[in-house]
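**Q**
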Amino acid sequence: MKSQYLPPLVDMSTIATANMLAAILIRQDYIINILFRLCLLVPKRWPLRVRCILAKVYEYGGLHSGAAVCSLLWFIAFSIVLTWKLIMVGSIDALLLAYTFAVTLTLLVIICLAYPNLRSRKHDRFEHSHRLGNLAFIILIFPMLILFNNALGVPGDASSHGGLLFRLPAFWFVIVSVFHILLPWLSLRRLKVTPERHLDHAISLHFSESIKFCRVYRIAEAPYKDWHPFASIPDPDRKGGTLIVSKMGDWTTRTINNPKPYYWTRGIPTMGVLCVAELFTKLLIVTTGSGIGPCLGTMLNLKDGRC
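In this note's numbering, the protein residues as written are 357 to 663.
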């Protein structure tokens, strides 16, 4: 079946959406836990250098940002080629170009606001851009693919359009991406807590949900507000655990002064950085003040050599 939109446009759409899928997958809770578990399978008799390299598994964020930037660059290239065809050849649908520009602009805004300096100074905007940007991406990408699929069909043969959509790799990459964007929200739930205040700079939030060692919860006051990660400390005497919140900013200060009876959480608890302690026979953990909180889960469990 011949088409004016055969490679490189089809290949560009495939590479762009494949990178977007990689950026989304590497941030999934179950993927993170799988990566940690695979690294922790390494026995302690392996060379220290190898174990130190594997211990850097917590740097998976680099894959997330790198794949997202690559996806943006390929979408930009895709948009440039479409623009050239519209100006020089006039052989594309202007609506397709509009949706492509909208998707590209959405990714550009998300990535720019995730730049480290902007993220640290405007964290609220970063959170909102990611949440609203994901929603905008879902809304915009499907019309873009449908219009692109229609352009791929044989002119005058409407029956060729639908069949091509299911043979377009980008379509399936987008389907899997959207599923994983929505996946954590399918387990959105309330986490009931019992606050226990420690002086004026820290508070413990006790909960009854079963938890293993070295797990991180992300909690929020409401599903549409900012999400904050905290390392959990399992209670050895009963079911449940504790999150220690220390005064670090506006949200933590508000939580310490006016704790709520419950907070929202989503997804599954992920394995934390200190889980890699299991790779080593001797540890030196340096922390100050309330920073001891995230380390307690590991320190309390060192006696049996597991994290």
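The C-beta atom is built at its ideal place from N, Cα and C for all residues, glycine as well.
According to the neighbour-count rule (16 or more other Cβ atoms, all chains shown, within 10 Å of its Cβ), is A450 buried or exposed?
**A** Counting Cβ neighbours within 10 Å, A450 comes out exposed, since fewer than 16 surround it.
**Q** Just curious, the alpha helix (DSSP H) that S369 is in, first and last residue?
**A** Unbroken alpha helix (DSSP H) run through S369: 365-381.
**Q** State the Cα-Cα distance for the pair I390 and V632, rounded to the nearest angstrom.
**A** If you take the alpha carbons of I390 and V632, they lie about 13 angstroms apart.
**Q** According to DSSP, what are the bridge partners of G597?
**A** DSSP, once it has assigned bridges, lists F563, P590 as partnering G597.
**Q** Under 8 angstroms between the Cβ atoms of T621 and L547?
**A** A contact, by the Cβ cut-off of 8 angstroms.
**Q** Kindly identify the DSSP beta-bridge partner or partners of S602.
**A** According to DSSP, which records beta bridges pairwise, S602 is partnered with A558.
**Q** Give every residue of the same chain whose Cβ lies closer than 7 angstroms to the Cβ of K568, excluding the five residues on either side of it in the sequence, and list them in chain order.
**A** Contacts found: P590.
**Q** Going by the DSSP bridge assignment, what does K548 pair with across the sheet?
**A** Answer is Y618.
**Q** Hey, out of M376, N506, L410, whose CA is closest to I531's CA?
**A** It is M376 whose Cα lies nearest to the Cα of I531.
**Q** Within 10 angstroms of the Cβ of W684, are there 16 or more other Cβ atoms? Answer buried if so, exposed if not.
**A** The requested residue 684 is not part of the displayed model; the chain covers only 357 to 663.
**Q** Going by DSSP in three states, R481 sits in which element: helix, strand or coil?
**A** Helix at R481.
**Q** Is V642 helix, strand or coil when you go by DSSP?
**A** Coil, per DSSP.
**Q** At the level of alpha carbons, what is the spacing between R610 and L501?
**A** If I take the Cα positions, the gap works out to 44 angstroms.
**Q** Straight-line CA distance for I380 to A424?
**A** So the two alpha carbons sit approximately 8 angstroms from each other.
**Q** Can you name the start and end residues of the alpha helix (DSSP H) that A423 belongs to?
**A** Counting along the chain, the alpha helix (DSSP H) containing A423 begins and ends at 417-440.
**Q** My assumption, with CB atoms under 8 angstroms, is that S588 sits in contact with P625. Please give the rounded CB distance.
**A** With 8 angstroms as the limit, S588 and P625 qualify as a contact, their Cβ atoms being about 7 angstroms apart.
**Q** Is P615 closer than 8 angstroms to P551 when the C-beta atoms are compared?
**A** A contact, by the Cβ cut-off of 8 angstroms.
**Q** V398 by DSSP, collapsed to three states: which one?
**A** Coil at V398, not helix or strand.
**Q** Among residues of its own chain, excluding the 5 on either side of P618, which ones have a beta-carbon nearer than 7 angstroms to its beta-carbon?
**A** Inspection of the sequence shows that residue 618 is occupied by Tyr rather than by Pro. Excluding positions up to five away in sequence, the list reads R546, L547, K548, V549.
**Q** DSSP puts P585 in a beta bridge; with which residues?
**A** In the DSSP output, where bridge partners are listed per residue, P585 has R574.
**Q** If you measure from the beta carbon of C468 to each beta carbon in chain D, is any gap under 8 angstroms?
**A** No chain D is part of this structure, which consists of one protein chain only.
**Q** Please go through the region 487-542 and give each complete alpha helix (DSSP H) segment of 4 or more residues, from N-terminal end onward.
**A** Counting whole runs of 4 or more residues, the region 487-542 contains the alpha helix (DSSP H) stretches 515-521, 525-538.
**Q** If you drop the 5 nearest sequence neighbours on each side, which residues of the same chain put their C-beta closer than 7 angstroms to that of L496?
**A** Answer for L496: Y455, A458, V459, T462, listed in chain order.
**Q** When DSSP labels each residue in this structure, what does T626 get in the three-state scheme?
**A** Here T626 sits in strand by DSSP.
**Q** Suppose you measure from the CA of V629 to the CA of L396; what does that come to, to the nearest Å?
**A** Spanning the two alpha carbons is a distance of roughly 12 angstroms.
**Q** Excluding the 5 residues flanking F392 on each side, which residues of the same chain have their C-beta closer than 7 angstroms to its C-beta?
**A** Excluding residues within five positions, the ones whose Cβ falls inside 7 angstroms are V413, M627, C631.
**Q** Take D480 and list the residues in its own chain whose beta-carbon comes closer than 8 angstroms to its own, dropping the five residues that flank it on each side.
**A** For D480, where only same-chain residues beyond five positions count, the Cβ hits under 8 angstroms are D582.
**Q** I need the straight-line Cα distance from S369 to I443, nearest angstrom please.
**A** Their backbone Cα atoms lie some 20 angstroms apart in a straight line.
**Q** Opposite Y405 in the DSSP bridges: which residues?
**A** With the sequence shown as reference, residue 405 is identified as Arg, and Tyr is not the correct amino acid for it. BP columns for R405 are empty, so no partner.
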